[in-house]
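Quick note, the sequence shown lines up with residues 64 to 741 if you use the working numbering. C-beta atoms are modelled at their ideal positions from N, C-alpha and C, and glycine is treated no differently. Bear in mind the structure is a predicted one, so any value in this text is a computation, not a measurement. Below you'll find the structure, written out as structure tokens, and then a few comments.
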Amino acid sequence: MPDLKKIRNIGIMAHIDAGKTTTSERILYYTGKIHKIGEIDDGAATMDWMAQEQERGITIQSAATTTYWNDFQINLIDTPGHVDFTAEVERSLRVLDGAVAVLCAVGGVQPQTETVWHQADNYNVPRICFVNKMDRLGADFFAVLDDVKNKFSCETFPLQIPIGASNTFEGIIDLLRMQEIRFDAATDGEKLIYSEIAPERLDEAKMWREKMIDVLSAENDEIAELFLSEEEIPVEMLLAEIRKGTIERRFVPFLCGASRRNIGVQPLLDAITEFLPAPDEVAAAKAISCKKGDAVEVHYDDKTPCGLIFKIQYDKEMGILSYVRMYSGKIRAGEQVFNPGKKKKDRVNRILRMHANKSEAMDVIETGDIGVFIGLKFAQTGDTLCSEGNPILLENMSFPQPVISVAIESETLSDREKLNETLEILSKEDPTFTVREDSETGQVLISGMGELHIDVLTTRIKDEFKLPCRIGSPHVTYRESVSQEATHTERFEKVIGGKENVAELSIRILPQNQGDGNIFVNNADCRNVSEEVLTAIKNGIENSFAGGIKYGYPCTDIRVELTSVKFDEDTATPFAFEACAVAAFDAACEKAIPTVLEPIMNVDITCPKEFVGEAVSLVTMRGGMVLSMESKPTTELVHTRAPMVKMFGFSTSLRSVTQGRASFSMEFSHFELKPGGL
């Protein structure tokens with residue numbers, strides 16, 4: 064087994080434009096992984112390797128790399144900041160042991176910061192914060208501390224304070240060792256210059272150090288005694304207690320710097336190795352035993368292999384790349400693995416360690432590590448890989464529902480099959496990208512998280528897969544539901560191939576609370592009913608959920624209860640009962656008064672104070688409402704909510720009324736009854 068104490072699986076998360084990829088580039092440079100710093104503005108960032116990422120200057124896909132710092136192996140994932148690619152963040156956080164939250168020193172906690180912070184909370188990921196862009200006009204390290212403390216109700220714990228701010232920012236004060244650190248510009252920040260704290264800054268540094276020790280002494284009596292007796296507290300003792308508190312998520316350590324100016328990155332690397340947990344220091348992964356159906360835990364010292372596929376990526380030369388986090392045991396290249404979700408065996412032809420879009424071969428992947436498998440035929444995001452003798456399913460990831468759709472068709476009939484294959488690859492890669500065929504028009508509809516998401520995917524189809532296609536205008540993906548309870552008994556009779564097929568069943572249908580989703584429950588007496596027939600009934604109902612009621616939109620928040628089944632061995636067939644279940648669902652929904660639900664979006668607008676009135680008017684004209692407003696040093700953050708159908712073209716209108724100085728982010732909130740229906 065590898066030395067787990069020396070492994071760190073970490074991710075970098077933040078709001079768009081806070082400097083995640085810039086920080087990642089500096090980490091790779093100072094750890095010797097790259098020999099020239101790539102700038103996002105030049106389209107040369109190593110971690111933003113996709114053509115579209117370089118053109119747009121944003122991160123679209125999470126990129127994985129492995130690097131080394133002070134004998135520690137750091138598996139680093141740089142995640143997107145744009146809300147349309149939230150699935151990339153979600154699946155990365157699922158497999159990480161720790162995270163670095165990059166915050167803008169001017170913007171503080173921004174809308175997407177809140178989203179990724181809560182995602183990290185859901186997976187109990189310990190984190191440290193890096194306050195970036197301290198050289199920007201309006202930068203305020205202490206205001207960001209307060210912002211995080213107030214928004215997330217957590218103990219903020221500065222390990223450093225800045226020397227100056229905006230155009231006077233020149234370095235940091237290390238509160239642990241009580242020294243000033245500056246970064247030599249002539250060596251691209253590689254050379255660190257240490258000095259004693261200047262007398263004019265000493266009182267402030269002492270005050271913040273005392274606050275730091277006060278927090279630590281509340282949990283450690285030894286530190287408290289040394290502090291009260293005014294004795295020197297060993298740095299090792301402080302480091303050990305900070306590490307313990309970070310892993311237990313009692314507080315969040317804060318560091319600061321300016322990645323673009325190469326300030327503060329090496330101390331951040333030290334903090335990653337010193338304070339974020341090793342794979343054996345986090346809670347055991349939770350799973351379900353496929354044999355017994357009960358909950359089990361996967362411990363890092365278990366000998367049986369268990370890994371989670373957290374990302375699928377298509378490569379033109381190698382085919383499907385499956386990113387895997389190993390939770391126990393080891394898997395060798397060439398070995399056979401079992402996929403319990405698909406109930407299929409698969410072979411791992413090769414194992415790679417990735418560096419963005421480059422790679423190196425590995426013979427074996429072991430507990431706590433992250434690698435890429437090549438050759439898996441049945442893999443999908445969220446699948447577990449384990450041994451056939453001990454089949455277990457790791458907890459699945461949940462993803463938001465797509466809310467925007469466009470029609471897509473190939474320019475020639477000969478390309479239709481190729482388009483279908485391409486769409487299948489993309490939907491395997493991205494769980495929030497769905498493909499369906501409209502039963503009435505025969506059009507192929509693709510759905511995603513927003514206009515940018517769809518634009519990126521359709522551009523990939525044209526440029527990356529070299530497939531010319533026609534794209535329709537975007538339209539909203541509605542949902543269908545029911546408004547009251549209803550029961551229905553359905554009988555199906557049909558003679559096929561001279562054999563009589565008969566099925567009869569009764570169902571009860573009723574609406575669920577908003578956001579509860581669809582559920583099928585078997586409340587019937589099924590002692591004499593075969594397992595194949597019960598599976599057929601369940602499949603019929605679940606397929607009906609996807610097919611909709613009146614308009615073909617997917618159903619949501621519906622509960623279906625099977626109340627009785629009439630079963631005759633001579634005439635009963637699974638086909639008959641599946642068809643009967645579909646017909647029963649349609650008839651029961653008609654009785655239960657079907658409704659149409661539309662997606663409502665949370666829209667967060669950041670704009671200069673003088674344009675707040677225009678921005679708010681724009682939202683209210685589109686049927687939206689203002690929820691709250693926050694004042695930042697140079698801007699206002701306006702939280703609003705609006706129907707998705709009214710938000711097309713909002714970006715252009717907002718730029719127009721604010722002279723191009725406002726920005727916004729939009730994410731799905733909930734589905735709501737659409738006034739007047741369709």
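So the beta strand (DSSP E) residue i belongs to, where does it begin and stop?
i, result
"Arg312", "Element bounds for Arg312: n/a, residue is neither H nor E."
"Thr626", "Ile621 to Lys629"
"Cys643", "No beta strand (DSSP E) holds Cys643; the alpha helix (DSSP H) holding it covers Pro637 to Lys654."
"Met684", "Where Met684 is concerned, there is no enclosing beta strand (DSSP E), although the alpha helix (DSSP H) it sits in stretches over Val675 to Met684."
"His733", "Ser726 to Leu736"
"Pro574", "Lys562 to Pro574"
"Asp184", "Asp184 -> not in any beta strand (DSSP E); alpha helix (DSSP H) instead, spanning Pro174 to Asn185."
"Lys759", "The question about residue 759 has no answer here: the residues shown for the chain are numbered 64 through 741."
Looking only at its own chain, which residues have a Cβ that is under 8 Å from the Cβ of residue i, when we skip the five neighbours before and after it?
i, result
"Gly611", "Glu543, Pro617 and Cys618"
"Ala183", "Met76, Leu156, Ala162, Ala164 and Arg190"
"Met692", "Val675, Glu699, Leu700, Val701 and His702"
"Thr176", "Ala77, His78, Ala81, Ala164 and Leu166"
"Phe314", "Cys217, Glu218, Thr219, Phe220, Val278 and Gly308"
"Glu344", "Asp160 and Ile310"
Within a Cβ cutoff of 7 Å, which residues of the same chain sit near residue i, ignoring the five residues on either side of it in sequence?
i, result
"Lys349", "Ala358, Glu360 and Glu458"
"Ile236", "Gln223, Ile224, Ile226, Glu243, Ile260, Arg264 and Ala268"
"Gly434", "Val387, Ile414, Leu415, Arg416, Met425 and Ile428"
"Gly723", "none"
"Val592", "Val628 and Phe630"
"Asn586", "Glu624, Leu625 and Thr626"
"Arg499", "Leu508"
"Phe135", "Lys69, Arg71 and Thr336"
In the DSSP output, which residue or residues are listed as bridge partners for residue i?
i, result
"Asn195", "Cys167"
"Gln223", "Asp237"
"Pro706", "Ile663"
"Gly434", "Val387"
"Gly161", "Ile73"
"Val298", "None; Val298 has no bridge partner."
"Pro671", "Thr698"
"Met692", "Val701"
"Pro657", "Val545"
"Ser258", "Glu243"
"Glu451", "None, per the DSSP bridge assignment."
"Tyr377", "Ile383"
"Leu208", "Paired residues: none, contrary to the question."
"His362", "Answer is none; His362 lacks a bridge partner."
"Asp409", "Val400"
Return the chain-ordered list of same chain residues with a C-beta closer than 6 Å to the C-beta of residue i, the five sequence neighbours on each side being excluded.
i, result
"Glu102", "Confidence at Glu102 is low in this model, with a pLDDT of 47, below 50, so its placement is unreliable and no value can be given for it."
"Met707", "Val466, Val539, Pro662 and Met664"
"Gly171", "Val207 and Asp210"
"Gly201", "Val169, Pro696 and Thr697"
"Ser473", "Arg479, Leu482 and Cys532"
"Glu118", "Legend: pLDDT at Glu118 = 48, less than 50; position of this residue unreliable, no value from coordinates given."
"Pro174", "Asp667 and Ser728"
"Asp251", "Asn325"
Taking a contact to mean a Cβ-Cβ separation below 8 Å, would you say residue i touches residue j in this structure?
i, j, result
"Leu520", "Gly511", "yes"
"Val469", "Ile428", "no"
"Glu567", "Lys629", "yes"
"Ile372", "Gly445", "yes"
"Ala442", "Ile517", "no"
"Leu456", "Asp409", "no"
"Leu67", "Pro342", "yes"
"Asn564", "Phe648", "no"
"Lys737", "Tyr541", "yes"
"Gly603", "Val645", "yes"
"Ala321", "Lys196", "yes"
"Ile572", "Ala549", "yes"
For the alpha helix (DSSP H) containing residue i, name the first residue and the last one.
i, result
"Ser292", "Element bounds for Ser292: n/a, residue is neither H nor E."
"Phe610", "The sequence shown places Gly at residue 610, not Phe. Unbroken alpha helix (DSSP H) run through Gly610: Glu594 to Gly610."
"Ile276", "Pro262 to Ser280"
"Leu91", "Lys83 to Tyr93"
"Ile335", "Val328 to Phe338"
Taking 7 Å as the cut-off, is the CB of residue i close to at least one heavy atom of the ligand COA?
i, result
"Met710", "Among the components modelled here there is no ligand, and therefore nothing to report on the ligand COA."
Which residue spans inside the region 499-534 form an unbroken beta strand (DSSP E) run of at least 3? 507-511 and 532-534
Continuous alpha helix (DSSP H) assignments of at least 4 residues falling wholly in the region 455-497: 479-492
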